[in-house]
Amino acid sequence: MRYCGLFEYYGDDLIAYKKEKPTDFFRNEFLRTFSSYLTDYLEDNMPTSWNKCKKSFIDLLLYIHLPNTIKISKESNSIQHFISEFRKFSIWLDHKENTTWTKLLAPYEESINELLLCEELLNSLYLQMYPQFFESNWDYEKDLTRVSQIFEKCKDIEDSFFQIINMEGNTVFLSNIHTNKQFQINNLPITKRFLGIILHGSIGRIEGNTTWSLLLAAGLYPKKAKRYLSYME
Numbered sequence: 076m077r078y079c080g081l082f083e084y085y086g087d088d089l090i091a092y093k094k095e096k097p098t099d100f101f102r103n104e105f106l107r108t109f110s111s112y113l114t115d116y117l118e119d120n121m122p123t124s125w126n127k128c129k130k131s132f133i134d135l136l137l138y139i140h141l142p143n144t145i146k147i148s149k150e151s152n153s154i155q156h157f158i159s160e161f162r163k164f165s166i167w168l169d170h171k172e173n174t175t176w177t178k179l180l181a182p183y184e185e186s187i188n189e190l191l192l193c194e195e196l197l198n199s200l201y202l203q204m205y206p207q208f209f210e211s212n213w214d215y216e217k218d219l220t221r222v223s224q225i226f227e228k229c230k231d232i233e234d235s236f237f238q239i240i241n242m243e244g245n246t247v248f249l250s251n252i253h254t255n256k257q258f259q260i261n262n263l264p265i266t267k268r269f270l271g272i273i274l275h276g277s278i279g280r281i282e283g284n285t286t287w288s289l290l291l292a293a294g295l296y297p298k299k300a301k302r303y304l305s306y307m308e
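Residue 226 in my numbering sits at position 151 of the sequence shown, with consecutive numbering throughout.
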């Protein structure tokens with residue numbers, strides 16, 4: 076039942092929460108993201124009450140679903156706004172339904188900080204690949220053609236989830252989380268702050284080169300997402 080989550084929750088609490096501030100942009104964005112999680116991720120395993128939402132409920136929301144909702148923006152603040160609204164909603168829900176959601180969120184501070192880093196890095200990678208992304212005269216077809224040409228030059232291409240495991244100078248070391256095969260990439264906007272973060276994307280190696288190039292950054296995840304991403308190809 077694809078809409079089981081919306082049936083269980085939207086009818087009462089989510090709509091009630093929205094009605095308190097029906098035109099609040101950040102509240103509506105939070106509810107849009109959260110309701111899509113209930114619809115898309117919990118189709119076959121929906122808790123029947125807020126009190127029955129366990130650690131795995133929060134894990135999948137923060138480690139897998141939320142990173143997939145990051146928008147490329149100059150402000151790089153979509154994660155910050157979601158977490159702020161999530162905390163407000165948790166306080167509201169605790170008062171209304173006598174739940175303990177504020178306590179449930181407490182152990183996630185480290186992962187929340189990593190999510191902020193994921194958004195920062197994703198924006199940096201996009202701007203490196205598409206420097207005029209935010210310009211009104213951005214010629215996206217020209218950039219897409221350039222990236223396509225790089226793809227064509229590559230003898231080897233890997234499309235997977237790669238964990239950032241080390242740095243030496245301007246060389247970043249990635250490890251495929253499925254095979255543990257390691258790759259070296261130069262000149263990425265990555266510092267040691269980002270160690271442990273997992274990149275979903277495509278990398279390629281031009282014949283004759285020992286290092287690889289980032290071809291596509293599809294998403295970034297905190298390191299605790301690895302146990303769930305390991306089952307995803």
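Heads up, the beta-carbon is just placed ideally off N, CA and C, and yes, glycines get one too.
All figures in this text were calculated on a predicted structure; none of them were measured in a lab.
A buried status is given to residue 235, since no fewer than 16 other beta-carbon atoms sit within 10 Å of its beta-carbon. By the neighbour-count definition (other C-beta atoms within 10 Å, threshold 16), residue 300 is a buried residue. Assignment of residue 243 by DSSP, reduced to helix, strand and coil, places it in the strand class. When the beta-carbon positions are compared, residue 245 and residue 255 stay at least 8 Å from each other. For residue 216, the secondary structure class from DSSP, reduced to helix, strand or coil, is helix. Residue pairing from DSSP places residue 236 in a beta bridge opposite 275. DSSP places residue 155 inside the alpha helix (DSSP H), whose first and last residues are 153-172.
Within the model, the alpha-carbon separation for residue 155 versus residue 283 is close to 43 Å. Within its own chain, the residues whose Cβ lies closer than 6 Å to the Cβ of residue 187, once the five positions on either side in sequence are excluded, are 158, listed in chain order. Under the DSSP assignment, residue 187 falls in the alpha helix (DSSP H) whose first and last residues are 184-204.
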